[in-house]
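J.:
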Amino acid sequence: MASMKRIWMVWVMLWLPVWAAAQDGSAERPAGADVRIVVDISGSMKETDPDNLRRPAVRLLARLLPSDASAGLWTFGQYVNMLVPYGEVTQAWRDTMVARSEDINSVALYTNLGLALEKATDDWLSNGSLANTQVIVLSDGKVDVPGNDTADATEQRRILNTLLPDLAARGATIHAVGLSERADVEMLRQLARDTGGSFQLAQNAEALNLAFANALNTAVPQQQLPIEGDGFSVDSGVEEFTALIFSGRDPAQASGLKLAQPEGEPFGPDNVPDNVRWAAEPGYDLITVTGPAAGRWQILGDLGQGSRVTIVSDLAMDVSQIPAEFSEQEPLSIAVRFTEDGEALTNPDFLSVMNVSLSITASDGRAGTKVLAPEAPPEDGVYRDAVPRLPAAGRYQIDVVADGGTFSRKFSAMTSFRVPGEEPPLEVVSEPLVPDLSQQIEPLVAEGLSPVGEEAAPSEASLPDEQVEAAGEETAVQPSTEAEPNVDEPAVDSADEPAEPEPATEQPEETAVSPETDVEADTGTLLGLPIWMLAAGAAGLVVMAGLVVFAIRQKKAREEAEQAAAAERETLDDLDDNDEPPVVVAAPEPEPSDSSEAEPAGEDPASDDALPEDDDEFGLEDFDLSEFDDLPDYSEEDNDSDADDWGKDDKTPKK
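Using my numbering, the first residue of the sequence shown is number 704, and each one after it goes up by one.
(1) Let me know the secondary structure DSSP gives GLN1001 once reduced to three states.
(2) To which residues of the same chain is ARG1098 closer than 6 Å at the C-beta, ignoring the five residues directly before and after it?
(3) Should ALA997 go down as buried or exposed, given a rule of 16 or more other Cβ atoms within 10 Å for buried?
(4) Pull up the distance between the alpha-carbon of TRP827 and that of LEU894, whole angstroms please.
(5) Between ASP737 and SER829, which are expected to be in contact by the criterion C-beta below 8 Å, what is the C-beta distance as a whole number of angstroms?
(6) Is the beta carbon of THR876 sitting closer than 8 Å to the one on GLY900?
(7) To the nearest angstrom, how far is the alpha carbon of THR836 from that of ARG739?
(8) Quick check on THR1049: does DSSP put it in helix, strand or coil?
(9) DSSP state of SER745, grouped into three classes?
(10) Quick one, which of ALA765, VAL846, GLU1028, LEU1250 has its alpha-carbon nearest PRO1091's?
(11) Let me confirm a value: THR902 is counted as buried when at least 16 other C-beta atoms fall within 10 Å, else exposed. Which label applies?
(12) Going by beta-carbon coordinates alone, are GLY1084 and ARG1040 separated by less than 8 Å?
(13) With a threshold of 7 Å, establish whether the CB of GLY775 neighbours any heavy atom of the ligand NAD.
(14) When burial is assigned at 16 or more other CB atoms within 10 Å of the CB, is ARG757 buried or exposed?
(15) For VAL1056, which option in ALA1079, ARG1069, SER1062 has the closest C-alpha, if you only look at C-alpha atoms?
(16) Curious, which full-length beta strand (DSSP E) runs of at least 3 residues does the region 832–893 contain?
(17) If we ignore side chains and look at the alpha-carbon of each, how far apart do SER745 and GLN964 end up?
(18) Considering only DSSP beta bridges, list what LYS822 is partnered with.
(19) Tell me which same chain residues have a C-beta within less than 7 Å of the C-beta of LEU812, skipping the five on either side of it?
(20) Within a Cβ cutoff of 8 Å, which residues of the same chain sit near ALA1076, ignoring the five residues on either side of it in sequence?
(21) According to DSSP, is MET1117 helix, strand or coil?
(22) Tell me where the beta strand (DSSP E) around ALA1019 begins and ends.
(23) Identify the continuous beta strand (DSSP E) that holds THR1064 and give its terminal residues.
(24) If distances are taken between C-alpha atoms only, which option among ALA774, GLN925, GLU1031 comes closest to VAL1012?
(25) So, helix, strand or coil for GLU1223, using DSSP?
(26) With H, G and I counted as helix, E and B as strand and the rest as coil, what does DSSP make of GLU805?
(27) Is the beta carbon of VAL888 closer than 8 Å to that of ALA819?
(28) Following the continuous alpha helix (DSSP H) through PRO759, name the residue where it begins and the one where it ends.
(29) Rounding to the nearest angstrom, what Cα-Cα distance links ARG1121 and ALA879 in this structure?
(30) State yes or no: is the beta carbon of GLY1097 nearer than 8 Å to at least one beta carbon in chain E?
(31) In whole angstroms, what is the alpha-carbon distance linking ASN912 and LEU763?
(32) Grouping DSSP H, G and I as helix and E and B as strand, with all else coil, what is ASP1088?
(33) In three-state DSSP terms, what is ASN784?
(34) Which term fits GLY1045, buried or exposed, when burial requires 16 or more other beta carbons within 10 angstroms of its beta carbon?
(35) Determine the contact status of SER1010 and ALA983, defining contact as a CB-CB distance below 8 Å.
(36) Which word fits ASP1017, buried or exposed, when buried means at least 16 other C-beta atoms lie within 10 angstroms of its C-beta?
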């Protein structure tokens, strides 16, 4: 019995630190990531991905994976193939994955997702453990195995009822990406939810780059630099940075992007310096700079949504793991700390110059920001906060930005707030949009994409006493892939009608331009004055003469009218003395009117209630600030008070 007690005490001592770290939201980063990439190559991909845009998306993952990670690539149809062997992510491994990405095709007959998950999550690859395994899986359809519909249903039940619980129990996390509306959304969503992962629905193949980048950032968060306007600042502690720039250009177009280093000439993919690697792919540019110069780097060209700059640096900002979902019963806890060479920084001289802010952005772009520990830095160097609930269920982006003047870091993650009994909306990813760069430096401008088939709300989002634009304008500029074929149809129809050739319709426009130039060339003078001046003078004389004649006639008509009136006027002799004086009847007094009708201005207060804007506005107060212990209650009177932590950031917002 005593031995059992000792074993119990040892077990508690071993697991207590782990449990406590989970409850406190520890900011420590896990060791090297374990990433398994699983890609569908079934025949249906010929329609959903006719240009094989899975290839550049896979190459993006190969180049973005951190060097301390281990990874592999599996493709599946009826069978499963380990296209890139699982191993440590080295430059040779990256080159292998980039080269073998060309073997991704759409020739398989079936969609055997269950077998693919079993092969990719074989724990012998990671010494018998899946505790740190992140699986990124892409599929565009439903489970399809040899046999009839009954075989498909049986296999799907096996995946959900047997395979999925086993993977969750062993610690594997699945990040699912569905391609197009054909994907089995419910099943992929359950794979992600039951394992604590994320799910995204890519609207089309052009959205795969952004969807894969988001999935990797969720699986393996990396240090970032904030993008401010059209550039970013690099400090001396950055050993290497990788800029992922979504251009939104047509895949057939060459990259026109350039990057300007501090006090240096801009360079592009054709004239890169020796310390730069530039990959120009359909839809994005990936630029890696080793040993970058400190200072501000400028991006010259389109800067699409989702663009980011990741870094390698010994001076890091660690943020606790952001769960895929949270609720009022399980609040979101956040812990932030700074490290150098893996050691926590608690020096008050360093922390006192750091401005650490937490931003929460809804899917339609409405956002709020709060400064963590605004009065004094924490003594242990760990900035802590909690978000117990949000105004509505949905997807939210969490951004933690640290600004110390010459030093800045950024952390981004996506999460969902769940309300019991409500299903959170899907995260639908469309191809990256390219907003105007001038809009990116405005406070709290929307960066999100509207769900497919649902436009962003036209009303303006608001903060206290501030109006900020929502994401509707960005949705409006989204290119339509279905509009291009319609442009060519009129040309085909007109070719079948020889009676109305195209040149005949353009000829009148050309002749209409030439006379104007001839008239200007022939303009001369008469008696030393321009002809147009003489013509204008003559016209003026005619108008003046007409006015004089008109005035004379009016005067004569008035005199005749006065004479006629005088002849008809009665005199005293014409009056009859016997006539009775007219009876004067008093005018009736006005009837009293209803005060409610006589004073329409009384309805003004009611008009305030008829305005729905205030109720629908999504500002900082919508994050239920009463739940934050360090915040006073919000009211309109103290709206501008500096004591309110949440509010519009006076500094230039960072991306």
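Built from N, CA and C at the ideal position, the CB exists for glycine as well.
What you are looking at is a predicted structure, and each value in this text was computed from that prediction instead of being measured.
T.: In short:
(1) In the displayed model, GLN1001 falls within a strand according to three-state DSSP.
(2) Excluding sequence neighbours, ARG1098 sits near SER1066, SER1119, GLU1130.
(3) By the C-beta density criterion, ALA997 is exposed, having fewer than 16 other C-beta atoms within 10 angstroms.
(4) So the alpha carbons of these two residues sit roughly 22 Å apart.
(5) About 5 Å; that satisfies the 8 Å criterion.
(6) Contact: yes.
(7) Here the C-alpha atom of THR836 lies approximately 7 Å from the C-alpha atom of ARG739.
(8) Here DSSP, grouped into helix, strand and coil, assigns THR1049 to coil.
(9) Here DSSP, grouped into helix, strand and coil, assigns SER745 to strand.
(10) Measuring C-alpha to C-alpha distances from PRO1091 to each of ALA765, VAL846, GLU1028, LEU1250 identifies GLU1028 as the nearest.
(11) The amino acid occupying residue 902 in the given sequence is Phe; Thr does not appear at that position. Answer is buried; the Cβ neighbour count reaches 16.
(12) A contact, by the Cβ cut-off of 8 Å.
(13) The ligand NAD is not among the ligands present in this structure, which contains no ligands whatsoever.
(14) Counting the other CB atoms within 10 Å of its CB gives ARG757 a total of 16 or more, which places it among the buried residues.
(15) Its Cα nearest to that of VAL1056, the residue ALA1079 stands out among ALA1079, ARG1069, SER1062.
(16) For the region 832–893, the full-length beta strand (DSSP E) segments reaching 3 residues or more read 836–842, 876–882 along the chain.
(17) Roughly 44 Å separates the two Cα atoms.
(18) For LYS822, no pairing in a beta bridge is given by DSSP.
(19) The answer, listed in chain order, is GLY746, GLY780, GLN781.
(20) Answer for ALA1076: VAL1059, TYR1086, listed in chain order.
(21) The answer is strand: DSSP assigns MET1117 an E or B state.
(22) Taken as a continuous stretch (DSSP letters only), the beta strand (DSSP E) holding ALA1019 covers 1018–1022.
(23) Start and end: 1058–1065.
(24) Here the closest residue by C-alpha is GLN925.
(25) A caution first: GLU1223 carries a pLDDT of 38, below 50, which makes its placement in the model unreliable, though a value can still be read off. In this structure, GLU1223 counts as helix in the three-state DSSP scheme.
(26) In the structure shown, GLU805 falls within a helical segment according to DSSP collapsed to helix, strand and coil.
(27) The answer is no: Cβ separation not under 8 Å.
(28) Segment 757–767, the alpha helix (DSSP H) holding PRO759.
(29) Taking the straight line from one Cα to the other gives about 19 Å.
(30) Checking the listed chains, one finds no chain E in this structure; it contains a single protein chain.
(31) The alpha-carbon atoms of ASN912 and LEU763 are separated by roughly 7 Å.
(32) If DSSP states are grouped into helix, strand and coil, ASP1088 belongs with the strands.
(33) Shown here, ASN784 sits in a strand according to DSSP, grouped into three states.
(34) So GLY1045 counts as exposed.
(35) In this structure, ALA983 does not lie closer than 8 Å to SER1010 by Cβ.
(36) Note on ASP1017: under 16 other CB atoms within 10 angstroms of its CB, so exposed under the neighbour-count rule.
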